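Peer 1: In the working numbering, the protein residues as written are 62 to 242. Don't be surprised by glycine CBs; every beta carbon is placed ideally from N, CA and C. Predicted, not measured: the structure shown is a model, and the values here were computed from it.
Okay, structure coming up:
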């Protein structure tokens, strides 16, 4: 019985070594395909970003409008020190944002839910959340609440209004979820 276990162990070990040598290694920290971190990120070390993009170009590329570090903050595009151009945003992307964080998008420059033509809120559901591609503001607002918008871990949490969304973004509010005690 002991020899069988040792033989199985050696066979399994040889199979693992062969798969690593022949098939590549998938690190517990980095995905073999994407190179993005897969290990959870703590709130103390995470410096996520929100990236806003203009209208998609004819060649399919995305022109970056602006980006800002993820922290509990309100970014008013009309009076902004991040270089965001008001009413020119069509897409957004989140990178390395901690789980259970909220990002709200508003037509109103004061991020007021009761004003403007639209607002919607997305919640991150992975730690960290990194979206694979820029996501259309119009498409996000058009989904049902609860819809997973991106496999990177973004869910539509709430929405209001039914007016034009494309090219009308004036404010983004970011909120880190409270750390459980």
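Just mark residue 212 as buried or exposed, buried being the case when its beta carbon has 16 or more other beta carbons within 10 Å.
Peer 2: Its Cβ having fewer than 16 others within 10 Å, residue 212 is exposed.
Peer 1: Are the beta-carbon atoms belonging to residue 215 and residue 185 less than 8 Å from one another?
Peer 2: Their beta carbons are under 8 Å apart, which means residue 215 touches residue 185 by this criterion.
Peer 1: Alpha carbon to alpha carbon, how far is residue 190 from residue 172? Give it in angstroms, no decimals.
Peer 2: Going by the C-alpha atoms only, they are around 23 Å apart.
Peer 1: Just verifying my parser: in three-state terms, what is the DSSP assignment at residue 237?
Peer 2: Three-state DSSP puts residue 237 in coil, outside helix and strand.
Peer 1: Report the rounded CA-to-CA distance for residue 210 versus residue 116, giving the unit in angstroms.
Peer 2: So the two alpha carbons sit approximately 19 Å from each other.
Peer 1: Measure the Cβ-Cβ separation of residue 164 and residue 136 and say whether it is below 8 Å.
Peer 2: Contact flag unset, no.
Peer 1: Can you give me the C-alpha to C-alpha distance between residue 200 and residue 223, rounded to a whole angstrom?
Peer 2: Their Cα atoms are separated by approximately 12 Å.
Peer 1: What did DSSP end up calling residue 191 once you bin it into helix, strand or coil?
Peer 2: Three-state result, residue 191: coil.
Peer 1: Using the rule of at least 16 other Cβ atoms within 10 Å of the residue's Cβ for burial, across every protein chain shown, is residue 177 buried or exposed?
Peer 2: Under this definition residue 177 is a buried residue.
Peer 1: Can you name the start and end residues of the alpha helix (DSSP H) that residue 229 belongs to?
Peer 2: Looking at the DSSP string, residue 229 is not in any alpha helix (DSSP H), and its letter there is neither H nor E.
Peer 1: The ligand SAH and residue 127: does any heavy atom of the ligand fall closer than 7 Å to the residue's C-beta?
Peer 2: No copy of the ligand SAH appears in this structure; indeed no ligand is present at all.
Peer 1: What beta strand (DSSP E) runs, 3 residues minimum, are completely inside the region 107-161?
Peer 2: Those beta strand (DSSP E) runs which fall completely within the region 107-161 and span 3+ residues are 110-114, 125-130, 134-137 and 152-156.
Peer 1: Applying the 10 Å Cβ sphere with the 16-neighbour rule, what's the burial state of residue 130?
Peer 2: Under this definition residue 130 is an exposed residue.
Peer 1: What's the C-alpha gap between residue 133 and residue 235?
Peer 2: Those two C-alpha atoms are separated by around 5 Å.
Peer 1: Please report the straight-line C-alpha distance between residue 220 and residue 159, rounded to a whole angstrom.
Peer 2: Straight-line Cα distance between these residues: approximately 21 Å.
Peer 1: In angstroms, rounded to a whole number, what distance separates the CA positions of residue 169 and residue 126?
Peer 2: Distance between the alpha carbons of residue 169 and residue 126 is about 18 Å.
Peer 1: In terms of residue numbering, what span does the alpha helix (DSSP H) encompassing residue 200 cover?
Peer 2: Looking at the DSSP string, the run of the alpha helix (DSSP H) that includes residue 200 is 198-203.
Peer 1: Determine the DSSP secondary structure at residue 182, reduced to helix, strand or coil.
Peer 2: Strand.
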